[in-house]
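**Q** If you scroll down you'll find the structure; I have some questions about it.
Quick look at the structure:
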């Protein structure tokens with residue numbers, strides 16, 4: 005390529021990169037894997053961990069705090085309840101979980117975006133929870149509702165992103181007790197992909213269900229799953245009233261909960277992989293079984309968030325091998341329970357989207373995909389241990405997710421894939437660039453990265469020696485500039501806005 | 005941590021980081037995996053690929069150029085030789101390969117550094133071949149013998165690096181026809197780890213064998229393997245005289261060859277995974293079987309270098325999914341042949357050690373480790389599609405290799421690993437930081453990265469908002485400053501230097 009290309013040509017290429025970031029590898033609304041599961045734990049190991057989880061459930065038990073209704077449910081089910089501590093006879097929880105579906109459909113308002121969670125399927129969802137956002141120009145700052153909407157827009161435009169997610173960043177500019185209206189509405193209005201609901205208060209979960217009923221119809225929502233929400237366990241071995249309240253609302257409404265032990269090993273669990281696994285399994289079994297006591301057959305996902313604590317700085321670390329072992333074995337445990345599994349993500353501890361961020365993210369993402377995660381929260385945009393949603397990291401991660409989709413397809417063994425005609429045509433010492441098979445297949449043969457610069461060193465120099473984060477910044481801006489809102493039934497939109505306005509008037513703003 | 009720490013404290017931490025980079029995770033001279041192989045190709049797929057390779061060998065054949073001796077060997081073995089084209093009856097090559105060992109020991113001059121190549125073992129070796137080097141301060145420049153020695157020193161000091169490698173960079177300041185003396189000597193003198201030999205001319209291979217005989221003893225070298233060298237196939241389906249010459253020298257001397265189809269799919273093979281695999285298998289079978297015709301029982305490794313060509317820029321691309329599928333299936337094919345397998349590396353196309361480099365490197369390294377590579381060339385230092393050896397990337401990759409060692413150990417299922425006492429001791433709602441199990445295990449419980457910054461955002465800011473590459477630069481300098489040459493028998497050193505001096509006088513310098 006000429007070193008003296010004009011600015012117009014460069015702009016054209018940037019636009020093409022952005023267009024590729026949106027559309028590359030959109031072949032399906034979620035991934036159906038055609039490669040085997042990577043399983044890093046032996047059968048013997050799984051049996052030991054399961055036996056230890058049973059022991060924890062029988063001997064130590066789990067605390068369900070400040071929720072008499074839940075304690076009564078456990079008494080009725082045959083558990084041993086002393087104060088808020090619940091101990092479970094062997095087999096009780098596994099028996100209750102037989103009514104939970106091994107896979108389920110989460111409906112999107114655009115039916116072409118429906119996802120099936122469980123089995124051989126993989127659904128990617130964005131980063132969840134950060135109070136800060138970061139971009140190359142603006143640096144790090146508190147998130148706002150505008151940032152929230154921007155991340156919803158990016159997730160909507162990104163082909164490899166299957167889900168709109170939940171708290172893509174905290175809109176810190178809105179009052180804590182009302183921001184969920186604007187967050188859930190943003191997912192409903194700026195995207196047509198499936199979304200997650202509010203879990204920070206039972207009333208906010210109920211608002212999510214009501215707004216979903218406006219969007220999908222009351223009857224439809226009662227009979228179908230339209231939101232999947234994140235219920236973290238207060239590890240070790242505690243469910244608090246807030247999470248229990250949200251779990252009950254969603255299970256009663258036939259909506260999916262992800263019951264996720266939230267574990268920084270060394271603080272919330274033992275400093276060992278097998279110990280962490282036994283505890284997490286015990287916690288997840290108890291929380292998941294509770295959903296079936298509330299509404300048998302309601303969908304529930306076995307989740308785990310696992311990081312190793314830095315014993316030096318006290319911070320969580322990411323991309324290290326021990327959590328990979330936890331995740332892979334937990335995926336095996338979930339398959340033995342015949343339940344969908346949530347874990348993984350593009351995790352990193354780095355403060356910026358540099359090499360640390362990328363090594364750590366790939367080291368989290370790839371083993372998670374290979375191990376058979378079904379629902380992957382935090383699959384794009386995660387920075388700084390989850391404190392920051394990064395614009396550039398979001399589009400960099402999207403590129404990686406698109407590659408995972410290709411990887412999961414496995415090897416094309418068709419006649420065309422075998423390419424024996426090409427080998428016969430070319431023969432020893434020639435090249436394949438011009439042969440018929442190459443001409444017919446080169447456009448789609450290899451995944452083409454949206455972020456990577458594969459030009460010559462000299463070309464890269466002429467173009468300003470850009471780092472990956474600088475290319476990602478350009479793509480992000482192009483994407484947001486070209487965003488187009490998906491169509492929506494305007495009557496539903498009005499009804500949603502009216503509901504939100506009415507509810508917001510019913511109680512004063514508060515930051516609790 | 006205090007934001008106002010003194011410079012002395014920072015220096016102390018940098019020194020500790022460097023010390024960790026050297027010694028972390030030195031537990032064994034190579035990795036013995038305790039986790040299963042990730043296998044991305046179905047049994048049916050492997051059978052199709054093997055049948056197609058047989059068809060290529062029978063119908064198209066392989067060219068062995070400018071080497072009458074090799075053609076005569078093939079005639080004698082029962083192959084069909086027409087001109088330089090050799091076609092193989094079905095089963096001939098697999099039959100010949102029955103004498104090749106499924107694993108072998110490559111001896112190092114320090115016997116504690118011996119590596120066993122094959123089976124469940126994994127040996128990491130540095131980047132091979134770049135004409136350029138790069139560091140953060142000096143930028144990109146041609147490599148020199150000083151750079152070469154520096155990379156040998158870094159590989160020697162790095163615990164997770166098992167092998168000294170070969171052309172860690174090209175010492176472009178030395179004449180082409182004599183630089184191999186200084187290169188092989190650098191491996192012998194500045195390190196005591198196993199090394200690779202020269203392959204750029206049969207005479208240079210012979211010099212490597214002679215120098216090895218000085219170092220190890222003539223008899224020992226004839227009976228044992230002390231160097232493992234890289235024989236690239238000129239794909240598609242050609243072996244040239246230069247590589248054949250080196251292969252013959254090494255096989256005759258009982259030294260190991262890695263027979264590696266060098267494939268940019270789309271140019272040197274079809275634009276498809278299954279087509280690339282069939283061709284690469286055919287090529288490798290022919291080259292490997294040749295070693296057994298020369299000396300039955302000599303060690304040989306099934307290698308593959310696989311990258312997808314960018315059909316836009318014509319450059320090789322890295323970290324993309326298609327070469328991962330090639331690699332994983334090729335590892336399965338090698339295991340079916342019961343032969344050691346070489347592939348993978350910390351590959352990237354990026355010009356600098358940024359996020360692109362790290363995503364691509366991790367996406368190359370992790371699947372390669374999981375898939376069961378036995379000998380991994382290019383496992384640290386690779387930059388810019390192999391054009392550049394990077395100082396900072398080298399130590400960044402070393403950190404990743406150390407993590408792979410932990411991952412390959414799998415889950416500790418001992419009583420201590422199960423940690424049930426800790427769970428009983430702590431119970432619901434408490435934390436594990438102070439419990440007896442944590443106190444006893446925290447020092448070694450989790451891998452601690454040498455490169456990652458896991459401090460708070462504020463601490464990171466106070467310390468200058470460093471990128472990973474800047475931290476790596478500091479570590480590199482610390483390591484080189486603290487390098488200490490391993491002990492050596494001075495009589496052997498003198499003999500080596502005398503041999504080199506004598507040989508260098510026997511012919512004029514040349515850059516061919």
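Chains as they are written, first to last, in this note's numbering: chain A, 5 to 516; chain B, 5 to 516. Heads up, the beta-carbon is just placed ideally off N, CA and C, and yes, glycines get one too. Please read all numbers here as calculations on a predicted model, not as lab measurements.
Give me the subset of the region 345-364 of chain B whose CB atoms are less than 9 Å from a CB atom of chain A, sorted by chain position.
**A** Residues passing the 9 Å Cβ filter: 352, 353, 354, 355, 356, 357, 358, 359, 360, 361, 362, 363, 364.
**Q** If you draw a straight line from the alpha carbon of residue 507(A) to that of residue 354(A), how long is it in whole angstroms?
**A** Within the first chain, numbered from 1, the residue matching residue 507(A) stands at position 503. Within the first chain, numbered from 1, the residue matching residue 354(A) stands at position 350. When rounded, the distance between both Cα atoms is 40 Å.
**Q** Which first and last residues belong to the alpha helix (DSSP H) in which residue 339(B) is found?
**A** Your numbering for residue 339(B) matches position 335 in the second chain. Here the alpha helix (DSSP H) through residue 339(B) covers 325-341.
**Q** Hey, is the region 284-297 of chain B in contact with the region 87-107 of chain B, meaning 3+ C-beta pairs nearer than 8 Å?
**A** yes
**Q** Give me, in chain order, the residues of the same chain whose beta-carbon lies closer than 6 Å to that of residue 388(A); leave out the 5 immediate sequence neighbours on both sides.
**A** Taking the first chain and counting its residues from 1, one reaches residue 388(A) at position 384. Here the set comprises 355.
**Q** Determine, using beta carbons only, whether residue 476(B) and residue 363(B) come nearer to each other than 9 Å.
**A** The count along the second chain starts at 1 and reaches residue 476(B) at position 472. The count along the second chain starts at 1 and reaches residue 363(B) at position 359. No.
**Q** Relative to the alpha-carbon of residue 105(A), which residue among 80(A), 52(A), 122(A) has its alpha-carbon at the smallest distance?
**A** The sequence position of residue 105(A) within the first chain is 101, counting from 1. The shortest Cα separation from residue 105(A) among 80(A), 52(A), 122(A) belongs to 122(A).
**Q** Sort out for me which residues DSSP pairs residue 231(B) with in a bridge.
**A** On the second chain, position 227 is the one that residue 231(B) refers to. For residue 231(B), which the question treats as bridged, DSSP gives the partners 199(B).
**Q** So the candidates are 272(A), 493(A), 457(A); which of them puts its Cα closest to the Cα of residue 435(B)?
**A** The residue labelled residue 435(B) in the question sits at position 431 within the second chain. Ranking 272(A), 493(A), 457(A) by Cα distance to residue 435(B) puts 272(A) first.
**Q** What's the C-alpha gap between residue 390(A) and residue 352(A)?
**A** Position 386 of the first chain, counted from the start, is the residue given in the question as residue 390(A). Position 348 of the first chain, counted from the start, is the residue given in the question as residue 352(A). Between residue 390(A) and residue 352(A), the C-alpha separation is close to 8 Å.
**Q** Output the distance between the C-alpha atoms of residue 34(B) and residue 125(B), rounded to the nearest integer angstrom.
**A** Walking along the second chain from the start, residue 34(B) turns up at place 30. Walking along the second chain from the start, residue 125(B) turns up at place 121. Approximately 7 Å between the Cα atoms of the pair.
**Q** Excluding the five sequence neighbours on either side, which residues of its own chain have a C-beta within less than 7 Å of the C-beta of residue 238(A), listed in chain order?
**A** Sequence index remark: in the first chain, residue 238(A) carries index 234 (1-based). Here the set comprises 244.
**Q** Among 489(A), 393(A), 344(A), which has the Cα closest to the Cα of residue 193(A)?
**A** The residue you call residue 193(A) lines up with position 189 of the first chain. Of 489(A), 393(A), 344(A), the residue nearest in Cα terms is 489(A).
**Q** Taking residue 431(A) as the reference, which of 406(B), 65(B), 419(B) has the closest Cα?
**A** Stepping through the first chain from its first residue, residue 431(A) is reached at position 427. Comparing Cα positions, the closest option is 65(B).
**Q** Check each candidate in 343(A), 170(A), 311(A) and name the one with the smallest Cα separation from residue 157(A).
**A** The count along the first chain starts at 1 and reaches residue 157(A) at position 153. If we check each option's Cα against that of residue 157(A), 170(A) comes out closest.
**Q** Sort 217(A), 402(A), 178(A), 225(A) by Cα distance to residue 512(A) and report the nearest one.
**A** Taking the first chain and counting its residues from 1, one reaches residue 512(A) at position 508. The residue with the shortest Cα to Cα distance from residue 512(A) is 178(A).
**Q** Please give me, in chain order, every unbroken run of the alpha helix (DSSP H) with length at least 4 that falls completely inside the region 392-461 of chain A.
**A** Taken in chain order, the complete alpha helix (DSSP H) segments of 4 residues or longer contained in the region 392-461 of chain A are 395-413, 419-422, 424-430, 440-449.
**Q** What residue does the beta strand (DSSP E) around residue 110(A) start on, and which one ends it?
**A** Within the first chain, numbered from 1, the residue matching residue 110(A) stands at position 106. Per DSSP, residue 110(A) belongs to the beta strand (DSSP E) from 107-110.
**Q** List, in order along the chain, the chain A residues whose C-beta lies closer than 8 Å to that of residue 428(B)?
**A** Residue numbering aside, residue 428(B) sits at position 424 when the second chain is read from its first letter. Simply 63, 64.
**Q** Are the Cβ atoms of residue 346(B) and residue 374(B) separated by less than 9 Å?
**A** For the purposes of this step, residue 346(B) is taken as residue 342 along the second chain, with counting starting at 1. For the purposes of this step, residue 374(B) is taken as residue 370 along the second chain, with counting starting at 1. Cβ atoms of residue 346(B) and residue 374(B): not closer than 9 Å.
**Q** So that I know if they touch, is there some Cβ in chain A lying closer than 9 Å to that of residue 279(B)?
**A** For the purposes of this step, residue 279(B) is taken as residue 275 along the second chain, with counting starting at 1. Contact with chain A is found for residue 279(B), since one of that chain's Cβ atoms lies less than 9 Å from the residue's Cβ.
**Q** Relative to chain B, which residues along the region 72-100 of chain A have a C-beta separation below 8 Å, given in chain order?
**A** 89
**Q** State the start and end residues of the unbroken beta strand (DSSP E) segment that holds residue 372(B).
**A** Translated into positions along the second chain, residue 372(B) becomes position 368. No beta strand (DSSP E) holds residue 372(B); the alpha helix (DSSP H) holding it covers 359-375.
**Q** Output needed for residue 360(B): all residues of its chain with C-beta closer than 6 Å, excluding positions within five of it in sequence on either side, in chain order.
**A** Locating residue 360(B) in the second chain gives position 356, counting from the first residue. If we look at residue 360(B) and ignore the five residues flanking it on each side, its Cβ neighbours are 354.
**Q** Rounded to whole angstroms, what's the CA-CA distance from residue 282(B) to residue 425(B)? Just pull it up for me.
**A** Start at 1 with the first residue of the second chain, and residue 282(B) comes out as number 278. Start at 1 with the first residue of the second chain, and residue 425(B) comes out as number 421. Approximately 53 Å between the Cα atoms of the pair.
**Q** Spatial neighbours of residue 50(B) within its chain, please: C-beta separation below 8 Å, excluding the five flanking residues on both sides.
**A** As a position in the second chain, residue 50(B) is number 46, starting the count at 1. These residues qualify, in order along the chain: 333, 336, 337, 340.
**Q** Starting from the beta carbon of residue 433(A), find every residue of chain E whose beta carbon is closer than 9 Å, and list them in chain order.
**A** Looking at the structure shown, chain E is missing, and the protein chains on hand are A and B.
**Q** If the criterion is Cβ atoms closer than 9 Å, does the pair residue 427(A) and residue 279(B) meet it?
**A** Within the first chain, the letter at position 423 stands for residue 427(A). Within the second chain, the letter at position 275 stands for residue 279(B). Cβ atoms of residue 427(A) and residue 279(B): closer than 9 Å.
**Q** As a quick exercise: from 415(A), 112(A), 350(A), 493(A), pick the residue whose alpha carbon is nearest that of residue 38(A).
**A** The count along the first chain starts at 1 and reaches residue 38(A) at position 34. Ranking 415(A), 112(A), 350(A), 493(A) by CA distance to the CA of residue 38(A) puts 415(A) first.
**Q** CB residue 1(A) to CB residue 130(A), shorter than 9 Å?
**A** This structure leaves residue 1(A) out entirely; chain A is present only between 5 and 516.
**Q** Go through its chain and collect everything with a Cβ distance to residue 71(B)'s Cβ below 6 Å, but skip five positions before and after it.
**A** Against the second chain, residue 71(B) aligns to sequence position 67. Correct list, in chain order: 245, 248.
**Q** Restricting to runs no shorter than 4 residues, where is the alpha helix (DSSP H) found entirely within the region 62-143 of chain A?
**A** If one requires a minimum length of 4 residues, the alpha helix (DSSP H) runs lying completely within the region 62-143 of chain A are 72-81, 96-100, in chain order.
**Q** Of the residues 274(B), 216(B), 127(B), which one's Cα is nearest the Cα of residue 185(B)?
**A** As a position in the second chain, residue 185(B) is number 181, starting the count at 1. Looking from the CA of residue 185(B), the closest CA among 274(B), 216(B), 127(B) belongs to 216(B).
**Q** Have a look at 453(B), 222(B), 319(B) and flag the residue whose alpha-carbon is nearest the alpha-carbon of residue 324(A).
**A** Numbered from 1 along the first chain, position 320 holds the residue referred to as residue 324(A). The candidate whose alpha carbon is nearest that of residue 324(A) is 453(B).
**Q** Have a look at residue 393(A) and residue 136(A) and give me their C-alpha separation to the nearest angstrom.
**A** Locating residue 393(A) in the first chain gives position 389, where the first residue counts as 1. Locating residue 136(A) in the first chain gives position 132, where the first residue counts as 1. Roughly 6 Å between the two C-alpha positions.
**Q** Is there at least one Cβ from chain B nearer than 9 Å to residue 229(A)'s Cβ?
**A** Taking the first chain and counting its residues from 1, the one referred to as residue 229(A) is at position 225. No - not a single Cβ of chain B is within 9 Å of the one on residue 229(A).
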